[in-house]
Amino acid sequence: MLPSQKFTAFYTIVRKDVVRIFRIWPQTFLPSIITSVLYFLVFGKVLGERIGDIGGHPYITFVVPGLVMLAVVTNSFSNVATTFFQAKFFARNIDEILVSPTPPWVIISGYVAGGMVRGITIGLLVIIVAAFFSPLPLTHPLIILLFLILSSLIFSLAGLVNGIYAKSFDGITIVPTFVLTPLVYLGGVFYSAQALPPLWQKFTFADPIFYLVDGFRAGFMGFSDVSLGISLGVLGILTAILVAVNWYFIRTGLGLRQ
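Structure (structure tokens):
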């Protein structure tokens, strides 16, 4: 394919998904905002006053980065997984893409970009909402932006793996419920890993979401439980693995050809 044709294919996939996301905004954006408001009220205003400060910041300020990551991760993952699964089983337009000369990386980039648009948009909206509950220190804005992009990228790629390999709609819902949700809640969203006993610290450090939350929190507050170099290294490896898995699935048609 010519470069212009590849761009057209990429743009078509992205535009279709982005138009859908903004057309049904009460389903794609509103639930995460309402959920975040409830979290801010419960963990920030009710429990936060009893817990006190962490690292010199009010507890509600401490949990904001984790709650933003919670919204970004779940929405990026579910958007790509659901969109690709519907294209595979219901609309069946993925068959038309596969028989075309569109390279696998263009297909992957198109679906992942759609998930990133939703994830990043929701992340920014939750940050805006959080500002009404607590003043947010923006110590390193570029680090905040970097980890916001990385989180949406990684879990859009993970959602694509789920969407490709799922054999039924249950396969789409099981992973977020029994895998993604525990990883999120055990990834340092509501606590600092340094406050845990050594054994539980090891479990937390084995959770990839911890490195997203920790790096994102460092962008706001200027401190982290592990160095940013370690976090970026772990996330870089995870991104490379997910890209390779998606490329293999698309290239071989594994889980796609019925």
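Counted from 1, the sequence shown has number 60 at position 61 by numbering that gives the first Met the number 0; the numbering is strictly sequential. Virtual Cβ for every residue (Gly too), placed ideally from N, Cα, C. Quick caveat: nothing in here was measured; it's all calculated off a predicted structure.
On a Cα-Cα basis, can you pick out the residue from the options that is closest to residue i?
| i | options | result |
| --- | --- | --- |
| residue 154 | 68, 8 and 42 | 68 |
| residue 163 | 38, 18 and 78 | 78 |
| residue 73 | 246, 96, 147 and 243 | 147 |
| residue 168 | 252, 62, 206 and 85 | 85 |
| residue 104 | 255, 207, 246 and 251 | 246 |
| residue 132 | 213, 62 and 184 | 62 |
| residue 55 | 33, 219 and 228 | 219 |
Within the continuous alpha helix (DSSP H) that includes residue i, where are the two ends?
| i | result |
| --- | --- |
| residue 92 | Neither: residue 92 is in no alpha helix (DSSP H) and is coded neither H nor E. |
| residue 4 | 2-22 |
| residue 320 | Absent from the structure is residue 320, since the part of the chain shown begins at 0 and ends at 257. |
| residue 151 | 140-164 |
| residue 200 | 197-204 |
| residue 31 | 29-38 |
| residue 227 | 227-251 |
Beta-carbon within less than 6 Å of residue i's beta-carbon, same chain only, minus the 5 sequence neighbours each way: which residues are those?
| i | result |
| --- | --- |
| residue 71 | 118, 122, 150 and 151 |
| residue 75 | 114, 118, 151, 154 and 155 |
| residue 161 | 80 and 174 |
With distances taken between CB atoms, is the gap from residue i to residue j smaller than 8 Å?
| i | j | result |
| --- | --- | --- |
| residue 20 | residue 27 | yes |
| residue 80 | residue 158 | yes |
| residue 209 | residue 192 | yes |
| residue 59 | residue 42 | yes |
| residue 110 | residue 83 | yes |
| residue 236 | residue 107 | no |
| residue 101 | residue 243 | no |
| residue 18 | residue 116 | no |
| residue 252 | residue 230 | no |
| residue 228 | residue 212 | no |
| residue 13 | residue 112 | yes |
Mind checking residue i: buried by the 16 CB within 10 Å criterion, or exposed?
| i | result |
| --- | --- |
| residue 126 | buried |
| residue 216 | buried |
| residue 65 | buried |
| residue 93 | buried |
| residue 223 | buried |
| residue 6 | exposed |
| residue 165 | buried |
To which residues of the same chain is residue i closer than 8 Å at the C-beta, ignoring the five residues directly before and after it?
| i | result |
| --- | --- |
| residue 221 | 136, 138 and 139 |
| residue 233 | 207 and 210 |
| residue 189 | 42, 62 and 65 |
Closer than 7 Å by C-beta to residue i: which residues in its own chain qualify, once you throw out the five before and the five after it? Chain order, please.
| i | result |
| --- | --- |
| residue 180 | none |
| residue 128 | 32, 35 and 36 |
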